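For reference, the structure is listed below as structure tokens.
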Amino acid sequence: MLTTLLRSYLTRSLQPFRFQNTYSNQLQFQHLDQLGLYVHVPFCRSHCSFCPYCKVKYDKELAQAYLQALLQEIEFVGNSQASKKSITTLYFGGGTPALLIDDLKAIIDTINRYFEITEGIGIELHPTDVTVSNLEKLKTAGITMVSLGVQSFEQRCLTKLGRIGDTAQAQLELLAKAGFTVMDVDLIFAIPGQTIDSLLKDVDTAFALGATQVSTYPFIDFTFANNQHKPLSKPEKKQMLQALVEHCRQSGIERTSVWTFAKPGTQKYSSITRDHFLGFGVSAASLLQDQFKINTFSITAYIERINSGQLPTALTLKFTQRQRAVYYLFWSAYTMNISPERFKAVVGESLSKMYGFELWLLEKLGLIYQADGIYYLSDRAAYYYHNLEQRYTTAYIDKMWHIARKEAFPEGIIL
Ligand code: SF4
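For the sequence shown, this note's numbering assigns the number 144 to the initial residue and increments by one for each residue that follows.
This is the structure in structure tokens:
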């Protein structure tokens, strides 16, 4: 309800976000600046019960067929431009991308034929992936940023999450020795049985073992996940987040978004907070100037569509200008700063012209402040955002992924 009211007010329209199953094989991305790339690898050794992402159990034959389709999709999109396109970053996510470790170089080489990567290549790693030999392969392939899915350094918390395996201190130490430019550690908070002290200890452990960034996520119980244990309550989540923010501030760690914290002066690991991005692989999304599109979640349907010479798009949302503005503001607010200059570049209209009254009001209420022409969120605003993001996840992402997991090409989705 709150998300609908807010969307209607900010878009000045009762029109919902309408995803349709029509799509184009021509993606208009050549003129876009600040473009990032994402590649999805949907295979895991086993499934963690809390995890909402698109994945299946690893099967060598299926993985090789998927790889061929993935390379074709990259070629298909890459070939649609006259010259090499400069992009910021390339991220591999999943699933467990390292299950294709011997093929990463081929994927990156294919991307390098069509795109010039200027800010590095990142990959999500499961602790099991962290071996000396794998790290050498990642470096040889050109990976510069890694994100380790630790979730918690406490065994009892991992058990509550349905995560099989040991805690990951030893793997983090090994990773630190490999010397990647960026080392992110993913942690979850509000796990049943977790205390504020144990969460803060996890953050300290991550930074002490060499992390440049810690990404914390509140435990969210997706409707289609298989959680045996439910997240802690909303007030407990709030207390944990407040404690995290205060603890990091006192330790000289910067808050770089509502849920991420980093050592000052380090590069950020973030695949989602991009003005524009192209996604390859099942379930991958692409964000362009006037549209948002999502690939099918079905691996077999993905391979079939690619083999028929078409893009594997399942759903496309054509933005109105106000919808694009709201999308931009939503993710900018997550990074806790909003640049009027970037807003104009992406949306095509001045921020003050579209939302001058709202900015004035938020400033009066102490929720935002200005410095050097940028709007920054206060801690209080960031807490409201923390709640909003979870509501958005339930109202939009959960609903969409729930349908997309069941139907390869849904008729349409209205959000
Ligand atoms: S958390 Fe990672 S390893 Fe676990 S199921 Fe999800 S993608 Fe796979």
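No residue lacks a Cβ here, since even glycine has one placed at the ideal position from N, Cα and C. Since this is a predicted model, take the numbers as computed values, not measurements.
Requested in this report: Determine the closest residue to Leu145 out of Ala547, Gln464, Ala538 and Ile557, with distance taken between C-alpha atoms.
Outcome: Ala538
Requested in this report: Mark Glu532 as exposed unless 16 or more other C-beta atoms lie within 10 angstroms of its C-beta, in which case mark it buried.
Outcome: buried
Query raised in the report: DSSP state of Cys391, grouped into three classes?
Result: helix
Query raised in the report: With 16 other CB atoms within 10 Å as the buried threshold, where does Leu384 fall?
Result: buried
Query - Backbone secondary structure at His183 - three-state DSSP - result: strand
Query - Separation of Gly422 from Leu458, as counted between CA atoms - result: 13 Å
Query - Sequence ranges, alpha helix (DSSP H) only - wholly within the segment 439 to 499, length at least 4 - result: 442 to 450, 464 to 477 and 483 to 490
Query raised in the report: Buried or exposed: Ser429, going by 16 or more other Cβ atoms within 10 Å of its Cβ?
Result: buried
Query raised in the report: Shortest alpha-carbon distance to Lys549 belongs to which of Ser156, Gln169, Lys198 and Leu157?
Result: Lys198
Report task. Tell me Lys542's beta-bridge partners as DSSP assigns them. Result -> In DSSP, Lys542 forms no bridge with anything.
Query - Nearest-angstrom beta carbon gap, Ile244 and Gly179 [assumed within contact, 8 Å] - result: Not really, about 22 Å apart at Cβ, beyond 8 Å.
Requested in this report: Find the nearest neighbour of Gly522 within the set Glu218, His183, Leu504 and Thr478, judged by alpha-carbon distance.
Outcome: For clarity, residue 522 is Asp in the given sequence; the question names Gly instead. Checked all of Glu218, His183, Leu504 and Thr478; the closest Cα to Asp522 is Thr478.
Query raised in the report: Leaving out the 5 sequence neighbours to the left and right, which residues in its chain are closer than 8 Å to Val275 when beta-carbon positions are compared?
Result: Leu317
Query raised in the report: Beta carbon of Thr239: closer than 8 Å to some heavy atom of the ligand SF4?
Result: yes
Query - Which residues DSSP lists as bridging Phe235, in chain order - result: Val182 and Ile266
Requested in this report: Flag this pair as yes or no: are the beta carbons of Asp418 and Pro195 separated by less than 9 Å?
Outcome: no
Query raised in the report: By a C-beta neighbour count over all protein chains shown, 10 Å radius and 16 as the cutoff for buried, is Asn450 buried or exposed?
Result: exposed
Query raised in the report: Hey, Lys373 and Pro407 are a contact pair by Cβ (cut 8 Å); roughly how many whole angstroms apart?
Result: The Cβ separation is near 36 Å, so there is no contact.
Query raised in the report: Thinking C-beta only, is Gln173 closer than 9 Å to Gln224?
Result: yes
Requested in this report: Examine the ligand FMN and report whether any of its heavy atoms sits within less than 8 Å of the Cβ of Phe193.
Outcome: For the structure depicted, the ligand FMN is absent and the ligand set comprises only the ligand SF4.
Report task. Could you tell me whether the Cβ atoms of Ala313 and His269 are closer together than 9 Å? Result -> no
**Report entry** Rounded straight-line distance, which links the Cα of Ser167 to that of Ile546
**Finding:** 21 Å
Query - Residues bridged to Tyr518 [DSSP beta-bridge criterion] - result: Ile481 and Gln513
Query raised in the report: Quick one, are the C-beta atoms of Leu460 and Gln163 less than 9 Å apart?
Result: yes
Query raised in the report: What three-state label does DSSP hand Arg523 in the structure shown?
Result: helix
Query raised in the report: Ordered along the chain, which non-local residues of its own chain (more than five positions away) have a Cβ less than 6 Å from that of Leu494?
Result: Pro483 and Phe486
Requested in this report: Let me know if Gly322 comes out buried or exposed under the rule of 16 or more other beta-carbons within 10 Å of its beta-carbon.
Outcome: exposed
Query raised in the report: What are the start and end residues of the beta strand (DSSP E) that includes Val325?
Result: Val325 to Phe332
Report task. Check each candidate in Ala551, Asp252 and Asp272 and name the one with the smallest Cα separation from Phe186. Result -> Asp272
Requested in this report: Could you check what DSSP says for Gly555 in three-state terms: helix, strand or coil?
Outcome: strand
Query - Beta-carbon spacing of Leu472, Tyr498 below 9 Å - result: yes
Query raised in the report: For Phe435, which residues of its own chain have a beta-carbon under 6 Å away from its beta-carbon, when the five flanking residues on both sides are left out?
Result: Leu460
Query raised in the report: For the candidate residues Thr536, Thr399 and Pro361, whose alpha-carbon lies nearest to that of Asn480?
Result: Thr399
Requested in this report: Please report the residue range of the alpha helix (DSSP H) in which Arg299 lies.
Outcome: Gln298 to Leu304
Query raised in the report: Do you know whose CA, among Ala405, Tyr528 and Asp433, lies nearest Ala488's CA?
Result: Asp433
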